[in-house]
Structure formats: structure tokens, C-alpha cells
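Colleague: Take 1119 as the starting number for the sequence shown in my numbering and just add one per residue.
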Amino acid sequence: MVSLSTWLRYIAHKVEYSISLSWKSYKIGQITDREVGDTIWKNVFQGRLTYLHKGQEMTPTIGVQGGTLLVRRLPTVDPTRVFVGDVVVVKDPKNPENHLVRRLAAIEGYEMASTNENDEPFVLEKDECWVLSDNESLKPKMQEARDSRTFGPVPLSGIVGRVIYCLRSAVDHGPVENRL
């Protein structure tokens, strides 16, 4: 059984996230001042905390059969809340309705250099990050990996949250190793 203090921290985190999300929507004109309260309510009680992941991109961290992931959603994403090495859920740059689970490899200010001598090194700009799949056997050129090697830098704002726990089966579950 989870303690009362854990539940209160969880609810406080959800409320903080919901207020932050609603405030962003209000500031850019997506919702009116009358809709702010409804949006906060909806985000607190209907926001997703778990994601299903299937595929071999994150093997061995998350098995080939996939699993249910517990994700700590982030109210705002900046370099002080996510760290290189974290396993994150990010909006798919090709289809923002879908999500990808990848490892954060670099954040703004990092210099990126390729093993291919024809590629010029570059520095990730503000609000950009680089995500990679953990499975090193997948080839980016063949579109198997589907990470930043194929679609380039991802906006930091595209990160939904940090994966903290993976449930693969009733006997195979545990925390996800972040910051390798």
C-alpha cells in the first residue's frame, strides 16, 4: 500500500503540471479565461501517466515484447529537469499524435559529430535535443532506428516525460535506468 504522503506528492505534481499546461495554452490563446478551470480539471483527472511501448528500438532497456511504462510527466521541459542519459517519452516528429520512447543523448549546446567524415559537426541550438534508441544493432540509414539520426534534432518541448518504471510481465518489472 502506498503511503498518504506519496499520494499527496503525486496529486500535487499532477496539479502543478495541469496548471502549467493550462497557463501555456491560455498564454498562446488556445483557451479562454473561462476554459482554464475546465482544462486544469481535465488534465488532473484525465492526463496519461502510463504508455504502452512495443518494438525493439529500446532493447535491452525495455524488452522486445514491450511493456507498460510509468512516466513522470514534466510540467515544463528544460535542461534542469531532464538529463543526458534519461529514457524519455517524446512526441514523434513525423506524427505528433504518436509518442516514441528514446534515450536522451544530448541537449542544447552539445556539439554533435558524426562518424561519417562527409557530415559536418554542428551544435544543438536552444530548445533542441538529440534522442537515440538503445538497440545498437538497428541501422538508422534503413529507417529501423527511428531516432535523431534519421529525423534530426527534436525540440525539448516535445519531451512528454521521463520513464521511471517498466512493467513487462507480472514477474519481469522494475525501475528504468536513467543517466547511464
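All C-beta atoms, glycine included, are put in the ideal place defined by N, C-alpha and C.
Measure the C-alpha to C-alpha separation of residue 1225 and residue 1274 and round it to an integer number of angstroms.
Modeller: Rounded to the nearest angstrom, the two C-alpha atoms are 8 Å apart.
Colleague: Could you round the C-beta distance between residue 1206 and residue 1249 to whole angstroms and report it? I think they count as a contact, below 8 Å.
Modeller: Contact flag correct, Cβ pair sits at about 7 Å.
Colleague: Using only alpha-carbon positions, find the residue among 1258, 1186, 1139 and 1163 that is nearest to residue 1234.
Modeller: The candidate whose alpha carbon is nearest that of residue 1234 is 1258.
Colleague: Residue 1134 lies in the alpha helix (DSSP H); which residues open and close that run?
Modeller: Start and end: 1122-1145.
Colleague: When you compare each of 1216, 1240, 1287 and 1211 to residue 1269 by their alpha carbons, which one comes out closest?
Modeller: The shortest C-alpha separation from residue 1269 is found at 1211.
Colleague: Counting along the chain, where does the beta strand (DSSP E) carrying residue 1279 start and finish?
Modeller: Taken as a continuous stretch (DSSP letters only), the beta strand (DSSP E) holding residue 1279 covers 1277-1285.
Colleague: Could you say which of 1141, 1286, 1247 and 1285 lies nearest to residue 1267 if we only look at CA atoms?
Modeller: If we check each option's Cα against that of residue 1267, 1247 comes out closest.
Colleague: I'd like to know if the segment 1281-1291 and the segment 1181-1201 are in contact, where contact means that at least 3 CB-CB pairs between them fall below 8 Å.
Modeller: Flag = yes, the segment 1281-1291 and the segment 1181-1201 touch.
Colleague: Could you have a look at residue 1154 and say whether DSSP puts it in helix, strand or coil?
Modeller: The answer is helix: DSSP assigns residue 1154 an H, G or I state.
Colleague: For residue 1239, which residues from the same chain have a beta carbon less than 7 Å from its beta carbon, with the 5 sequence-adjacent residues on both sides left out?
Modeller: Cβ within range, chain order: 1229, 1230 and 1231.
Colleague: With a floor of 4 residues, list each alpha helix (DSSP H) that falls wholly inside the segment 1200-1288, ordered by position along the chain.
Modeller: Here the runs fully enclosed are 1266-1269.
Colleague: Excluding sequence positions up to five away, which residues of its chain have a Cβ less than 8 Å from the Cβ of residue 1263?
Modeller: Result list for residue 1263: 1175, 1250, 1251, 1253, 1256 and 1257, in chain order.
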